[in-house]
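Asks: For reference, the structure I am asking about is given below.
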Amino acid sequence: MKLLYFAWVRQKVGLAEEEIGLPEDVRDVAGLVAFLATRSPGHAAAFADPRQIRAAVNQDFAKPDQAVAAGDEVAFFPPVTGG
Amino acid sequence: MAGPDIRVQEAPFDLGAESAALSQGRTDIGGLASFVGLCRADDGLAALVLEHYPGMTERALEKIAAEAWARWPLTGCTVIHRVGRLVPGAPIVLVLTASAHRAAALEACAFLIDWLKTSAPFWKREEFADGRERWVEAKASDDAAAARWASGA
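From first to last, the protein sequence lines stand for chains P and V. Just so you know, we're using my numbering here: the first sequence kicks off at 2 and counts up by one. Just so you know, we're using my numbering here: the second sequence kicks off at 79 and counts up by one.
Encoded structure:
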């Protein structure tokens, strides 16, 4: 699975992107957030408050209960601030 | 007109040139509405750095513009959003909408700027003259502005 991080999520994780093997018990976006929070101190800081995190699965905005699969591109970022 | 013209770019844009390009040689446009968002110098701001998600950002803007195109009888639409480092006074975003009559052009323009603020993946980081920096936080008022279009207003 390809993971992308943007804005302060990228800064806290310390990576713009990474490839991971998806654990079998991770089935949705919320599960992935909980798993990622255990990967490193940087990940833990980035994902400490899931309410501050937004996600996209295969480049479409995704809710916490959206399913994820091994081949997906999943991105995590703060609420958007364009315009 | 084939449909909306969407661009995400570092380069500046020129409102006059874009308006002329949209209306040149056309006789079916009765009204052209525009919105230009500029970088303000709040609290000693030295620059705004805009980040985006290449691929998804363009897709999201296409989707929002397609919705405006379906909802109002538009005859032209240009959306340009800049990324990278922008100094105070610099233009950030351009929305241009053309229609036979003013109401459609004005409403579609307001819809597009309200929606792209909440539905397109861009993030702003503020850099200050004293070296501080901070990420801009999303505003509840922006969510409310976008939501009013969903209630059939």
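Glycine included, each C-beta is placed from N, C-alpha and C at the ideal position.
State buried or exposed for residue 88 (chain V), treating a residue as buried only when at least 16 other CB atoms are found within 10 Å of its CB.
Replies: Locating residue 88 (chain V) in the second sequence gives position 10, where the first residue counts as 1. Label assigned to residue 88 (chain V): exposed.
Asks: With distances taken Cα to Cα, identify the nearest neighbour of residue 162 (chain V) among V:131, V:119, V:81.
Replies: Within the second sequence, residue 162 (chain V) is the residue found at index 84, counting from 1. By alpha-carbon distance to residue 162 (chain V), the top candidate from V:131, V:119, V:81 is V:131.
Asks: What are the residues that DSSP puts in a beta bridge with residue 3 (chain P)?
Replies: Position 2 of the first sequence holds residue 3 (chain P). Looking at the DSSP assignment, residue 3 (chain P) forms a beta bridge with P:20, P:74.
Asks: What residues are listed by DSSP as bridge partners for residue 202 (chain V)?
Replies: Indexing the second sequence from 1 puts residue 202 (chain V) at position 124. V:128.
Asks: Per the contact definition of three or more C-beta pairs closer than 8 Å, is the region 58-70 of chain P in contact with the region 115-127 of chain V?
Replies: no
Asks: Between the beta-carbon of residue 38 (chain P) and the beta-carbon of residue 56 (chain P), is there less than 9 Å?
Replies: For the purposes of this step, residue 38 (chain P) is taken as the residue at position 37 of the first sequence. For the purposes of this step, residue 56 (chain P) is taken as the residue at position 55 of the first sequence. No, Cβ-Cβ distance for residue 38 (chain P) and residue 56 (chain P) is not below 9 Å.
Asks: Using beta-carbon positions only, say whether residue 190 (chain V) and residue 155 (chain V) come within less than 9 Å of one another.
Replies: Your numbering for residue 190 (chain V) matches position 112 in the second sequence. Your numbering for residue 155 (chain V) matches position 77 in the second sequence. A contact, by the Cβ cut-off of 9 Å.
Asks: What residues in its chain sit with their C-beta under 7 Å from that of residue 111 (chain V), if we drop five residues either side in the sequence?
Replies: Taking the first residue of the second sequence as 1, we reach residue 111 (chain V) at position 33. The beta carbon of residue 111 (chain V) lies closer than 7 Å to those of 175, 183, 184, 187 in the same chain, with the five residues before and after it left out.
Asks: Identify every residue that forms a DSSP beta bridge with residue 234 (chain V).
Replies: The first residue shown for chain V is 79 and the last is 231, placing residue 234 (chain V) beyond what the model contains.
Asks: Can you list the residues of chain P that residue 167 (chain V) reaches, using a CB-CB cut of under 7 Å?
Replies: Residue numbering aside, residue 167 (chain V) sits at position 89 when the second sequence is read from its first letter. What residue 167 (chain V) touches in chain P: nothing, since even the nearest Cβ is about 17 Å away.
Asks: With distances taken between CB atoms, is the gap from residue 85 (chain V) to residue 60 (chain P) smaller than 9 Å?
Replies: Stepping through the second sequence from its first residue, residue 85 (chain V) is reached at position 7. Stepping through the first sequence from its first residue, residue 60 (chain P) is reached at position 59. Contact annotation: residue 85 (chain V) and residue 60 (chain P) have beta-carbon atoms that are not nearer than 9 Å.
Asks: State buried or exposed for residue 181 (chain V), treating a residue as buried only when at least 16 other CB atoms are found within 10 Å of its CB.
Replies: Here residue 181 (chain V) corresponds to residue number 103 of the second sequence, with the count starting at 1. By the Cβ-count criterion, residue 181 (chain V) is exposed, with fewer than 16 other Cβ atoms from all chains shown falling within 10 Å of its own Cβ.
Asks: Within 9 Å of any Cβ in chain V, is that where the Cβ of residue 48 (chain P) sits?
Replies: The count along the first sequence starts at 1 and reaches residue 48 (chain P) at position 47. No, residue 48 (chain P) does not count as interfacial toward chain V.
Asks: Which residues, in order along the region 170-203 of chain V, keep a beta-carbon less than 8 Å from a beta-carbon of chain P?
Replies: Within the region 170-203 of chain V, the residues whose Cβ lies closer than 8 Å to some Cβ of chain P are 170, 171, 191, 194, 195, 196, 197, 198, 199, 200, 201, 202, 203, listed in chain order.
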